[in-house]
Amino acid sequence: MGFVWHIAVRYFRSTRADAHIRALSTLTAGGLAVGTAALVLALAALAGFQSHVLEELAQHTPALQIELAGDGAAGPAGATDPARGLAELAAATNGVAGVQELLYAQGWLAAGERLFAVGVLGYERAPPPWIPVDGEAASGLIVPVSVALRMGLAVGDQVRVVSPRPGLTPVGPQPRTRTLPVDLIYGSGRADDEDDPVLLPLERAAALFARGDRRLDLTLAPGADPEEIGAFLRRGIDPAAATVTTWREANRALLFVLRLEKGLVFSAVALIVAVASFALLAALSMVLSSKRSEIGVLAAMGAPPGRLQRVFLLLGALLSVGGAGLGGAAGAALAAFLDRYRIISTPSDVYVVDYVPFLVRGADVLVVLGVTVLFTAAAAAVGARKASLLDPVEAMRSART
Amino acid sequence: MIAVSGVTRAYRDGAVRRQVLRGVDLRLARGETAAIVGPSGSGKSTLLNILGALDTPDAGSVRIDGVDLTASKPSALAGFRNRSLGFVFQFHQLLPDFTALENVMMPGRIAGRPSSPLRAGALALLERVGLADRAGDFPQQLSGGERQRIAICRALVLEPAVLLADEPTGNLDAKSGERVLELMDALRCRRDTTMVLVTHNPEVAKRCGRVLRLDGGRLTALS
Numbered sequence: 286m287g288f289v290w291h292i293a294v295r296y297f298r299s300t301r302a303d304a305h306i307r308a309l310s311t312l313t314a315g316g317l318a319v320g321t322a323a324l325v326l327a328l329a330a331l332a333g334f335q336s337h338v339l340e341e342l343a344q345h346t347p348a349l350q351i352e353l354a355g356d357g358a359a360g361p362a363g364a365t366d367p368a369r370g371l372a373e374l375a376a377a378t379n380g381v382a383g384v385q386e387l388l389y390a391q392g393w394l395a396a397g398e399r400l401f402a403v404g405v406l407g408y409e410r411a412p413p414p415w416i417p418v419d420g421e422a423a424s425g426l427i428v429p430v431s432v433a434l435r436m437g438l439a440v441g442d443q444v445r446v447v448s449p450r451p452g453l454t455p456v457g458p459q460p461r462t463r464t465l466p467v468d469l470i471y472g473s474g475r476a477d478d479e480d481d482p483v484l485l486p487l488e489r490a491a492a493l494f495a496r497g498d499r500r501l502d503l504t505l506a507p508g509a510d511p512e513e514i515g516a517f518l519r520r521g522i523d524p525a526a527a528t529v530t531t532w533r534e535a536n537r538a539l540l541f542v543l544r545l546e547k548g549l550v551f552s553a554v555a556l557i558v559a560v561a562s563f564a565l566l567a568a569l570s571m572v573l574s575s576k577r578s579e580i581g582v583l584a585a586m587g588a589p590p591g592r593l594q595r596v597f598l599l600l601g602a603l604l605s606v607g608g609a610g611l612g613g614a615a616g617a618a619l620a621a622f623l624d625r626y627r628i629i630s631t632p633s634d635v636y637v638v639d640y641v642p643f644l645v646r647g648a649d650v651l652v653v654l655g656v657t658v659l660f661t662a663a664a665a666a667v668g669a670r671k672a673s674l675l676d677p678v679e680a681m682r683s684a685r686t
Numbered sequence: 003m004i005a006v007s008g009v010t011r012a013y014r015d016g017a018v019r020r021q022v023l024r025g026v027d028l029r030l031a032r033g034e035t036a037a038i039v040g041p042s043g044s045g046k047s048t049l050l051n052i053l054g055a056l057d058t059p060d061a062g063s064v065r066i067d068g069v070d071l072t073a074s075k076p077s078a079l080a081g082f083r084n085r086s087l088g089f090v091f092q093f094h095q096l097l098p099d100f101t102a103l104e105n106v107m108m109p110g111r112i113a114g115r116p117s118s119p120l121r122a123g124a125l126a127l128l129e130r131v132g133l134a135d136r137a138g139d140f141p142q143q144l145s146g147g148e149r150q151r152i153a154i155c156r157a158l159v160l161e162p163a164v165l166l167a168d169e170p171t172g173n174l175d176a177k178s179g180e181r182v183l184e185l186m187d188a189l190r191c192r193r194d195t196t197m198v199l200v201t202h203n204p205e206v207a208k209r210c211g212r213v214l215r216l217d218g219g220r221l222t223a224l225s
């Protein structure tokens with residue numbers, strides 16, 4: 286054992302002998318344990334929640350979207366229908382498992398005397414996965430429950446779909462309408478479900494609303510990287526004709542909020558570790574004060590200031606590593622326990638999950654330990670610097686026993 | 003061996019500047035012993051601290067074994083203290099968290115010496131001072147005389163060229179003091195160590211080859 290270890294370990298043991306230093310070092314270890322456990326738990330809760338949110342996003346958001354520009358005039362060279370041309374290009378791309386064309390438009394639903402403004406979504410083969418449809422639709426309408434309730438609609442009712450795009454008739458421009466049956470009613474579960482669209486097959490939507498806002502939703506093969514495929518597609522598509530968006534880009538605001546939330550929670554909980562680090566500094570200062578003359582003697586015997594500094598850095602590490610390690614392990618174990626047995630429940634009609642999920646990530650634990658090391662090292666460095674600056678003559682004079 | 007030339011040192015005591023040393027000159031050959039006597043506050047300990055590279059003079063030069071202490075960096079001075087100097091303090095200054103043996107071994111640990119030969123050398127010294135059976139005891143379990151003997155062993159464990167002792171018998175009874183002095187003499191003779199000893203005790207001073215008086219900041223030879 287080298288000189289630095291020898292002295293630091295012995296001083297560490299001696300912290301048990303003095304009641305004040307013992308109390309402070311216990312407070313330090315306890316504070317660090319609580320701080321790291323709280324940090325690991327908080328990050329695990331956020332990671333668990335975010336993991337569910339991202340899962341939901343992945344289910345409800347296509348991995349890649351290609352939005353056609355307003356008139357949809359341009360596409361790959363030689364294509365007559367820009368959407369078709371782009372769909373073919375996307376489908377032929379390595380890693381793309383499926384392409385579905387969607388059309389968004391604004392219109393009205395009319396039933397009897399009731400007229401209701403709605404968003405209309407035309408789908409190509411099947412309703413997109415983010416519309417929770419329970420059942421098989423034929424060629425009629427799939428109506429959100431919010432609209433159905435307001436208009437008093439039930440499955441099988443006949444409803445007129447009215448387009449704001451007029452058709453020219455002998456008596457002048459007239460709104461285009463089509464009467465269709467209600468095949469299914471769905472509830473999105475969203476708080477703002479008034480914005481939920483009415484769905485109908487693409488060819489019918491196209492006949493009523495012409496182009497509308499057209500979009501291609503791409504599903505990818507397992508393991509395919511949306512960013513990579515998105516970059517590839519961008520190279521082959523005129524940016525004036527269409528915009529390629531990955532699911533991350535489409536949810537940029539939400540992902541930013543999730544990151545911000547994580548950062549803020551982390552910073553707030555890290556204050557516990559910061560306070561515990563102050564306790565460490567106080568404990569080290571007390572050790573230094575009680576060992577002042579001994580440090581002076583060691584310096585007189587030729588211990589260089591740098592090595593005395595390292596003694597106190599190591600002592601700081603010894604005082605903090607147990608608490609931080611214990612806290613990290615306890616936090617991870619508690620998080621795993623809470624997740625496994627779903628101890629904390631939440632109202633499922635409010636949140637995406639009916640319990641608080643915890644996900645302990647190795648990277649998060651490393652960050653927590655890193656921050657703990659940073660705080661405690663800073664505290665220890667201050668104490669250690671004091672030790673290295675001691676004047677040996679003054680130090681020895683201070684305690685002649 | 004030791005060459006001190008024109009050393010001055012002053013301290014500021016509030017608004018008052020107190021000149022402690024005023025142009026001190028001293029030359030000691032290898033193996034020579036010198037006692038520095040003088041009234042309290044005359045600067046004896048200050049001179050010893052300067053000789054021990056623990057304090058820096060305001061002016062003048064201090065050379066020990068060819069090393070200019072006034073021109074060396076703190077880290078170099080630390081190494082020099084460890085290698086070439088041994089200290090015996092009035093109040094033994096043993097480290098209470100370490101056993102007698104560990105205290106004696108401490109300068110070697112600082113120097114990074116291998117543990118086994120260092121331990122053997124420390125035990126041999128303890129044997130010589132009659133404290134081998136107390137090697138595992140902590141300082142608080144030892145008497146004042148025993149502690150001072152341990153402190154001497156610690157000062158000599160690396161066989162320093164110079165031994166500096168600040169009133170080594172100051173807080174000991176006559177019998178213990180005598181034993182400590184005999185021990186220092188014996189160990190010094192074996193290794194031809196140069197010794198500078200600060201004392202108030204004329205009997206202790208008489209045992210040294212030269213007796214120097216420090217008064218008014220100046221060093222004068224008495225014998």
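Residue numbers (our numbering), protein chains in the order written: chain A, 286 to 686; chain B, 3 to 225. Even glycine gets a Cβ: it sits at the ideal position worked out from N, Cα and C. From a predicted model like this one, the values you see are computed outputs, not experimental measurements.
> Along chain B, in chain order, which residues have C-beta atoms closer than 9 Å to that of residue 288/A?
Replying inline: Per Cβ cutoff of 9 Å: 108, 111, 112, 113, 114.
> Is residue 175/B helix, strand or coil when you go by DSSP?
Replying inline: Residue 175/B: coil per DSSP, three-state reduction.
> Out of curiosity, what's the CA-to-CA distance linking residue 549/A and residue 649/A?
Replying inline: Taking the Cα positions, residue 549/A is about 14 Å away from residue 649/A.
> What residues are listed by DSSP as bridge partners for residue 215/B?
Replying inline: In DSSP, residue 215/B forms a bridge with 39/B, 222/B.
> Per DSSP, residue 11/B forms a beta bridge with which residues?
Replying inline: Answer is 23/B, bridged to residue 11/B.
> Under a Cβ-count criterion, where at least 16 other Cβ atoms within 10 Å of its own Cβ denotes burial, should residue 191/B be classed as buried or exposed?
Replying inline: So residue 191/B ends up on the exposed side.
>> If I follow the unbroken alpha helix (DSSP H) through residue 532/A, where does it start and stop?
In response: Residue 532/A -> alpha helix (DSSP H) spans 532-535.
>> Using a Cβ-Cβ distance cut-off of 8 Å, determine whether residue 307/A contacts chain B.
In response: It does not; no Cβ of chain B falls within 8 Å.
>> Quick check on residue 415/A: does DSSP put it in helix, strand or coil?
In response: Correct three-state label for residue 415/A: coil.
> Is it buried or exposed for residue 660/A, if we count other Cβ within 10 angstroms and need 16 for buried?
Replying inline: So residue 660/A counts as buried.
> With 16 as the cutoff for other CB atoms within 10 Å, does residue 502/A come out buried or exposed?
Replying inline: Looking at its Cβ environment, which holds 16 or more other Cβ atoms inside 10 Å, residue 502/A is buried.
> At a Cβ cut of 8 Å, what residues of the region 50-62 of chain B count as close to chain A, listed as they run along the chain?
Replying inline: Cβ contacts with chain A come from 51, 54, 56, 57.
> Is the distance from the Cβ of residue 199/B to the Cβ of residue 162/B below 8 Å?
Replying inline: Taking 8 Å as the Cβ cut-off, residue 199/B and residue 162/B do not qualify as a contacting pair.
> Distance, Cα to Cα, residue 513/A vs residue 338/A?
Replying inline: When only Cα atoms are considered, residue 513/A and residue 338/A end up about 23 Å apart.
> Under a CB-based cut-off of 8 Å, is residue 681/A close to chain B?
Replying inline: Taking 8 Å as the threshold, the shortest C-beta distance from residue 681/A to chain B falls below it.
> Can you tell me where the alpha helix (DSSP H) with residue 622/A in it begins and where it stops?
Replying inline: Where residue 622/A is concerned, the enclosing alpha helix (DSSP H) stretches over 590-625.
>> Against chain B, which members of the region 578-600 of chain A pass a CB distance test of less than 9 Å?
In response: Taking a C-beta cut-off of 9 Å against chain B, the contacting residues of the region 578-600 of chain A are 578, 579, 581, 582, 583, 584, 585, 586, 587, 588, 589, 590, 591, 592, listed in chain order.
> Which of the three DSSP states, helix, strand or coil, is assigned to residue 3/B?
Replying inline: Correct three-state label for residue 3/B: coil.
> DSSP state of residue 16/B, grouped into three classes?
Replying inline: If DSSP states are grouped into helix, strand and coil, residue 16/B belongs with coil.
> Among 620/A, 640/A, 633/A, 544/A, which residue has its Cα nearest to the Cα of residue 627/A?
Replying inline: Checked all of 620/A, 640/A, 633/A, 544/A; the closest Cα to residue 627/A is 640/A.
> Ends of the beta strand (DSSP E) at residue 197/B?
Replying inline: In the DSSP annotation of this structure, the continuous segment of the beta strand (DSSP E) that includes residue 197/B starts and ends at 196-200.
> For residue 134/B versus residue 106/B, is the C-beta spacing smaller than 8 Å?
Replying inline: No, the pair does not count as a contact, with Cβ atoms beyond the cut-off.
> What's the call for residue 633/A, buried or exposed, on a 16-neighbour Cβ count within 10 Å?
Replying inline: Burial call: exposed.
> Taking the C-alpha atoms as reference points, what is the distance between residue 607/A and residue 629/A?
Replying inline: Rounded to whole angstroms, the separation of the alpha carbons of residue 629/A and residue 607/A is 29 Å.
> For residue 291/A and chain B, any beta-carbon pair shorter than 8 Å?
Replying inline: Proximity of residue 291/A to chain B, defined by a Cβ-Cβ separation below 8 Å, is satisfied.
> Would DSSP call residue 352/A helix, strand or coil?
Replying inline: Residue 352/A: strand per DSSP, three-state reduction.
> In whole angstroms, what is the alpha-carbon distance linking residue 238/B and residue 47/B?
Replying inline: Nothing can be reported for residue 238/B, as the shown portion of chain B is limited to 3 through 225.
> What separation, rounded to the nearest whole angstrom, lies between the Cα atoms of residue 361/A and residue 352/A?
Replying inline: Confidence in residue 361/A is poor, its pLDDT being 44 and thus under 50, which makes the residue's placement unreliable; the coordinate value appears in the next sentence. About 14 Å.
>> Please classify residue 94/B as buried or exposed, where buried requires at least 16 other C-beta atoms within 10 Å of its C-beta.
In response: It counts as buried.
>> Comparing C-alpha positions only, which one of 672/A, 589/A, 655/A, 481/A sits nearest to residue 558/A?
In response: Among 672/A, 589/A, 655/A, 481/A, the Cα nearest to that of residue 558/A is on 655/A.
>> Residues of chain B with CB closer than 9 Å to the CB of residue 295/A, please, in chain order.
In response: For the C-beta of residue 295/A, the chain B residues within less than 9 Å are, from N- to C-terminus, 97, 99, 100, 104.
>> Quick check: is the beta carbon of residue 678/A nearer than 8 Å to any beta carbon in chain B?
In response: Taking Cβ atoms only, chain B reaches closer than 8 Å to residue 678/A, which makes this a yes.
> Checking contacts by CB at 8 Å: is residue 76/B closer than that to chain A?
Replying inline: Yes, contact with chain A.
>> Can you tell me which residues form a DSSP beta bridge with residue 396/A?
In response: Paired residues: 399/A.
> What residues in the region 146-169 of chain B have a beta carbon less than 7 Å from any beta carbon of chain A?
Replying inline: Against chain A - using a Cβ distance shorter than 7 Å - the region 146-169 of chain B contributes no residues.
> Any contact of the region 320-338 of chain A with the region 609-624 of chain A, i.e. 3+ C-beta pairs under 8 Å?
Replying inline: The answer is yes - the region 609-624 of chain A touches the region 320-338 of chain A, with three or more Cβ pairs under 8 Å.
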